[in-house]
Amino acid sequence: MLEDKRIAVVGLGTIGTALVQGLLDARKVPPDRLSGSTAHQHTAQAKAEKLGIRVVTDNRALVREADVVVVAVKPKTVPQVLSEVGGLFSPDKLLISVAAATPTASLEARLPAGVPVVRAMPNTPCRIGQGMTALCPGRHAGPEHLALAQEIFSGMGQVARIEDESLMEVVTALSGSGPAYAYLIIEALAEGGVKLGLPRRLATQLAAQSLLGGAALVLSSGEHPALLKDDVTTPAGVTIDGLLALEEGGLRVTLVKAVMAATERGKALAQASLPRPAAPPS
């Protein structure tokens, strides 16, 4: 599916580089059909040497030659990039955006009519092939465009499709921001171990591997996390006292509220990213 496509990545930062590396590692696209861009020449040279692909600083040249363009820049930079290259798109050139809180309507408004757009929300574990990416189609994106996007991002981890774009801000708050929540929990668990005498490196390893293994068991077993939690919680044992302390501290509600707060912020940013209608003539 991808072998005959020329794929360009505008912005070889963390996610853009992970995407290219995933495609290369999975041998889904030959290096001569992959290209990318960076803002500075010295960075372009370093990325080209590291990845073994063509890397340029000219976004227009990059987009002109591509069949699929992945815009992997920060949300605040998207309008600038599309003002530069938007006119080079046509209905036979797919745009995939990984910018958080940037709706497909915001992207489509900056492109010629009929250009297919797919919105993607990956997260940072994509760097090691253990990421989670959600995909949502724009008005002109069909099943074939979603299939292409899924093939591209599957090299970085798991992929889910979201049909209702209003849920993408929830996705961003949950899986996009989720690794940060996990890091905070790992740090806190490790601090508990350090407080009670464990070396910090060992405490961090124990905490991180426990979360990693627990998450893997949830995904592989398909069981509800509450049932797996009950498997660990023996009557009158150690775990129940730890869980009661967490419930007393409001961990469950605090995590729910974290997702809610991040979602509201995402919605506000998404609304602000939409082009404002032109003022009527006076």
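Heads up, the sequence shown is in my numbering, so the first residue is 74 and it goes up one at a time.
Each residue gets a CB set at the ideal place from its N, CA and C atoms; glycine is no exception.
All values derive from a computational prediction rather than experimental measurement.
Look at residue i and residue j and say whether their C-beta atoms are less than 9 angstroms apart.
i, j, result
"A263", "A331", "no"
"P176", "E76", "no"
"V128", "V83", "no"
"A173", "G339", "yes"
"G342", "P195", "Just to set this straight, residue 342 is Leu in the shown sequence, not Gly. Not closer than 9 angstroms, so no."
"L347", "S179", "yes"
"P252", "T197", "yes"
"G266", "L275", "yes"
"L97", "L135", "no"
"L301", "L317", "no"
"L155", "H218", "no"
Assign residue i to one of three DSSP states: helix, strand, or coil.
i, result
"R192", "strand"
"G202", "coil"
"V311", "coil"
"R325", "helix"
"R273", "helix"
"V102", "coil"
"A233", "strand"
"A280", "helix"
"R349", "coil"
"G286", "helix"
Hey, residue i and residue j are a contact pair by Cβ (cut 8 angstroms); roughly how many whole angstroms apart?
i, j, result
"S108", "I126", "6 angstroms"
"R79", "A139", "5 angstroms"
"L208", "V190", "No, L208 and V190 are not in contact; Cβ-Cβ is about 11 angstroms, not under 8 angstroms."
"L161", "R133", "6 angstroms"
From the DSSP output, read off the bridge partner residues of residue i.
i, result
"P148", "DSSP, once it has assigned bridges, lists no residue as partnering P148."
"S227", "Answer is none; S227 lacks a bridge partner."
"V171", "The partner list for V171 (beta bridge, DSSP) is empty, contrary to what the question assumes."
"I80", "L107 and V141"
"V129", "S110"
"A207", "M194 and A233"
Measure from the alpha carbon of residue i to the alpha carbon of each residue in the options, then state which is nearest.
i, options, result
"T90", "A139, E138 and V144", "V144"
"T130", "P164, Q114, A309 and S294", "Q114"
"H213", "P164, P104, A276 and A345", "P164"
"F226", "G187, P210, G249 and A193", "A193"
"T150", "A134, L161, S170 and A299", "S170"
"L92", "V190, E217, D105 and G230", "G230"
Between residue i and chain D, is there a C-beta pair that is closer than 9 angstroms?
i, result
"H115", "Structure shown: chain D not included; a single protein chain is present."
Does the distance between the C-beta of residue i and the nearest non-hydrogen atom of the ligand COA fall short of 8 angstroms?
i, result
"A263", "Questions concerning the ligand COA fall outside what the structure shown contains, since it holds no ligand whatsoever."
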